[in-house]
Amino acid sequence: MVLLKIKFTQQRRVHLAQGLWLLSWTAVIWGAIIFCLGVYLKMELLRRDEVMDNTEIHVVPNILIIVGLASIGTNWVASCVCQDSLDATRFPRWKVLLLGWFPVAAVLCCLLISVVVLSFALQGRLEESLKVGLRNGIRFYKDTDVPGRCYQKETIDRLQMEFRCCGNNNFKDWFEVQWVSSRYLNFTSKDVKDRIRSNVDGRYLLDGVPFSCCNPSSPRPCLRYTLTDNNAHFNYEYQSEELNLYSRGCRQALTDYYMELMNSTGPGVLSVILIQMSVILGMRYLQTAVEGIMALEDPEGESDGFLLEKGVKETMEDLKVKALIMLQFRLVDPIATEGSSEDADLEKAEKEASPTPAS
Amino acid sequence: MAFLKLTFSKNKRDKLAQVLWILNWVSVVTGILLFSMGLFLKVEINKRVELMAERDIQYVPNMLIAVGLIACAINFLGGKICYDCVDTTKFLRWKLILLPYIMCTFFFTFCVLVGALMCYSMHGELEESLNLGLTEAIRFYKDTDTPGRCFLKRTVDLLQIEFKCCGNNGYKDWFQIQWISNRYLDMSKKDVLDRLRSNVRGKYLMDGVPFSCCNINSPRPCIQQQISNNSAHFNYEHQTEELNLWMKGCRQALLEYYTHIVQSIGLTVLITWLFELSVLTGVRYLQTSLENGLRQGDLNSESDGWLLENGLMETARINLNIMKNIGKCNQIDTANNGDPNIDVPSSSIAH
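Residue numbers (full-length UniProt numbering), protein chains in the order written: chain A, 1 to 359; chain B, 1 to 351.
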């Protein structure tokens, strides 16, 4: 029992081939767009590479790039098949290729669905990676004389100004870290000595932040030292002051930015999935219709197009049997080639010996 | 004796018409390019209009926009005319319009040249405008509670961060004005009162700069206060310290930015002018050769084309005479005893 059979006249076949050709070229363009989206996302992730601890999130743009390229190739092949499908002399050479085309296209659809799932699932990993990366960045802020870390200060300053954020979770992260290098500290001064003695690790901690945390929208010139002391500044209340510094943490800012970027690629990816699936369905109908016509040897006549020759269950069983035969063939063959030939002889003898059913 | 005469066969004329048709369409594209460049310049100037004093710099982008639109229209018409010139019957339709069209286009190319020259002459006006505008902006930095000026602080901060500059000429401009509002000064403190009394106008002046002057590339956390006091900071010498703050003045930074834009636009406009002039020359040759063909009575044969019917000096003299006589037809002819109503017979030697 055939699955979803449709009758195709000559006219309908021509229309199907033309429509499918247009659709596959649309899919090629969409594949190119997906490729560009993947490249853009990868570049944005690489730009902030220094504040990320691992590269797990890069799997999303990598898949997008691979799928984009593969989709361009696959759909270009589909358009070539459509062009040749109405010509009985040129179609046969695509027969073998089509056998491989369907699995490849199906794998592409699965990869696209996995990209959508991954971009949601990896949000937690991204946050973790940013947390560790930013913590290191803030810790090594002062090490502008250590090779390998000398641009950490510039990176963090630029990041805080561009994303309008301060610190990892908020500006208080700067209170727990020594961000003024010892090279610029006067160790003979009493204030410095007190501060260094006030904590176990002997670090110069202060309740101040770097200038890049300052908010330009504040009506007041930026206050960035002795932030917790209300008396140090006139008309200042530390608890209610909101506009002086950036209140958002950089981890939150960066996560929001990347999630927004990945979510905006969502609709594009979904439409590519839809287009690809319609190309697969159309190609299957075209293939079966054209093969039916070639079997009938009447190019103007009607033929049937279907999705599966037998029902779903029967097709699955057929495939299972075929796969088992292939597997068994591989396993049995080197061990008992003689045994199988003996069995074959036995079968032959049985067939000759068994009397033909007399009518 | 014609000026720069060339002979055109029918084939050559047709080819010239076709080439001119394509070139006219290319000119339409360059007209659109001029228009968009004028628009871009206008947007860029308007983005920082708060930092510029009132000066006549809006003329340049407005001129470019107008020139771009007119170029599109003129070259669109020119393309249509050249397309029709291949066909004799269609050419007769355009015969009367062709000469006025050429004269209009000739004056228009002057406008394009003027536009290009205006781009290059904008420099002086722009500098003055920026100088005054930035001085005012820095002076009103503290007035975040005055309506109309409350966003000036944000604008100046963002400008200094984006263009990597500090103050008008340098960071010392901030030492001469009060950039901290009185609302945030504790008038009961001795230190504050001393500073206020230390100058004639009672302003709170300090050798400090806003945070937006801080240089990102400095290896040291930014020193914004007591900049000229070497002993206030450890291992610090303000005369040799270069990386702490941005050294460039914002006027120079903005001037460089706008000069760069305007010079590239000016170059493009000059190239467009040369292109328009060459298209105009081609159209003039086409017009004269077609008209000469008509005069000969046979448009399919060879005909001459030229730029000017007589030589340069001749044409100049003829035009000058025409202009003189335009003035004369309104004047009373005083040669014959003054009164034009009396019919004075000409004194011919009769009998």
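Glycine residues also receive a C-beta, built at the ideal position from the N, C-alpha and C atoms.
What residue range is occupied by the uninterrupted beta strand (DSSP E) comprising residue i?
{"i": "Asp-304 of chain A", "result": "303–305"}
{"i": "Thr-7 of chain B", "result": "6–8"}
{"i": "Asn-6 of chain A", "result": "The residue you asked about is not Asn; residue 6 of chain A is Ile in the sequence shown. Start and end: 6–8."}
Give the straight-line distance between the Cα atoms of residue i and residue j, rounded to the nearest whole angstrom.
{"i": "Asp-318 of chain A", "j": "Leu-99 of chain A", "result": "16 angstroms"}
{"i": "Val-19 of chain B", "j": "Gly-266 of chain B", "result": "27 angstroms"}
{"i": "Thr-315 of chain B", "j": "Leu-280 of chain B", "result": "19 angstroms"}
{"i": "Phe-234 of chain B", "j": "Gly-208 of chain A", "result": "18 angstroms"}
{"i": "Leu-227 of chain A", "j": "Asn-199 of chain A", "result": "19 angstroms"}
{"i": "Arg-139 of chain A", "j": "Val-51 of chain A", "result": "12 angstroms"}
{"i": "Gly-124 of chain B", "j": "Val-146 of chain A", "result": "47 angstroms"}
{"i": "Val-77 of chain A", "j": "Gly-79 of chain B", "result": "43 angstroms"}
{"i": "Ala-121 of chain A", "j": "Gln-276 of chain A", "result": "24 angstroms"}
{"i": "Asn-186 of chain A", "j": "Glu-128 of chain A", "result": "37 angstroms"}
{"i": "Ala-232 of chain A", "j": "Gln-239 of chain A", "result": "14 angstroms"}
{"i": "Cys-72 of chain B", "j": "Arg-48 of chain B", "result": "30 angstroms"}
{"i": "His-351 of chain B", "j": "Leu-308 of chain B", "result": "Bear in mind that the predicted position of His-351 of chain B carries a pLDDT of just 43, short of 50, making it too unreliable to give a figure here."}
{"i": "Tyr-83 of chain B", "j": "Val-43 of chain B", "result": "37 angstroms"}
{"i": "Glu-10 of chain A", "j": "Pro-92 of chain A", "result": "The identity of residue 10 of chain A in the sequence shown is Gln, whereas the question assumes Glu. So the alpha carbons of these two residues sit roughly 18 angstroms apart."}
{"i": "Val-117 of chain A", "j": "Ser-278 of chain A", "result": "21 angstroms"}
So that I know if they touch, is there some Cβ in chain A lying closer than 9 angstroms to that of residue i?
{"i": "Arg-220 of chain B", "result": "yes"}
{"i": "Asn-235 of chain B", "result": "yes"}
{"i": "Arg-183 of chain B", "result": "yes"}
{"i": "Asp-298 of chain B", "result": "no"}
{"i": "Pro-210 of chain B", "result": "yes"}
{"i": "Gln-239 of chain B", "result": "no"}
{"i": "Lys-142 of chain B", "result": "yes"}
{"i": "Trp-246 of chain B", "result": "no"}
{"i": "Ile-180 of chain B", "result": "yes"}
{"i": "Asn-199 of chain B", "result": "no"}
{"i": "Gln-287 of chain B", "result": "no"}
Give a yes or no on whether the minimum CB-CB distance between residue i and chain B is below 9 angstroms.
{"i": "Lys-7 of chain A", "result": "no"}
{"i": "His-15 of chain A", "result": "no"}
{"i": "Cys-214 of chain A", "result": "yes"}
{"i": "Phe-163 of chain A", "result": "no"}
{"i": "Lys-142 of chain A", "result": "yes"}
{"i": "Lys-190 of chain A", "result": "no"}
{"i": "Lys-193 of chain A", "result": "no"}
{"i": "Lys-172 of chain A", "result": "no"}
{"i": "Phe-175 of chain A", "result": "no"}
{"i": "Leu-185 of chain A", "result": "yes"}
{"i": "Asn-235 of chain A", "result": "yes"}
Could you tell me whether any non-hydrogen atom of the ligand MG is closer than 8 angstroms to the CB of residue i?
{"i": "Asn-310 of chain B", "result": "As presented, the structure is devoid of all ligands, the ligand MG included, so that no description of it is given."}
Output the boundary residues of the alpha helix (DSSP H) element that contains residue i.
{"i": "Phe-120 of chain A", "result": "95–121"}
{"i": "Pro-61 of chain B", "result": "59–84"}
{"i": "Gln-224 of chain B", "result": "No alpha helix (DSSP H) contains Gln-224 of chain B, which DSSP labels as neither H nor E."}
{"i": "His-123 of chain B", "result": "88–139"}
{"i": "Gly-293 of chain B", "result": "250–296"}
{"i": "Trp-76 of chain A", "result": "59–85"}
Secondary structure at residue i, three-state DSSP: helix, strand or coil?
{"i": "Leu-245 of chain A", "result": "strand"}
{"i": "Gly-167 of chain B", "result": "coil"}
{"i": "Cys-214 of chain B", "result": "strand"}
{"i": "Ser-303 of chain B", "result": "strand"}
{"i": "Phe-3 of chain B", "result": "strand"}
{"i": "Leu-45 of chain A", "result": "helix"}
{"i": "Cys-214 of chain A", "result": "strand"}
{"i": "Leu-312 of chain B", "result": "helix"}
{"i": "Leu-308 of chain A", "result": "strand"}
{"i": "Leu-3 of chain A", "result": "strand"}
{"i": "Leu-243 of chain B", "result": "coil"}
{"i": "Ala-53 of chain B", "result": "coil"}
{"i": "Ser-198 of chain B", "result": "coil"}
{"i": "Tyr-285 of chain A", "result": "helix"}
{"i": "His-233 of chain B", "result": "coil"}
{"i": "Trp-179 of chain B", "result": "coil"}
{"i": "Gln-18 of chain A", "result": "helix"}
Three CB pairs or more closer than 8 angstroms across the region 157–169 of chain A and the region 203–215 of chain A:
yes
Cβ contact check for the region 105–117 of chain B and the region 62–75 of chain B: 3 or more pairs under 8 angstroms:
Result yes; three or more Cβ-Cβ pairs closer than 8 angstroms.
Contact the region 4–21 of chain B vs the region 294–307 of chain B: 3+ CB pairs below 8 angstroms:
yes
Does the region 166–181 of chain B come close enough to the region 137–146 of chain B to have 3 or more Cβ pairs within less than 8 angstroms?
yes
Three or more C-beta pairs under 8 angstroms: does that hold for the region 299–310 of chain A against the region 40–50 of chain A?
no
Between the region 319–327 of chain B and the region 50–57 of chain B, do at least 3 Cβ pairs fall closer than 8 angstroms?
no
Three or more C-beta pairs closer than 8 angstroms, one from the region 56–76 of chain A and one from the region 23–40 of chain A: is that the case here?
The region 23–40 of chain A and the region 56–76 of chain A touch, with three or more beta-carbon pairs separated by less than 8 angstroms.
Does the structure place the region 146–159 of chain B close enough to the region 190–203 of chain B that three or more beta carbon pairs sit under 8 angstroms?
no
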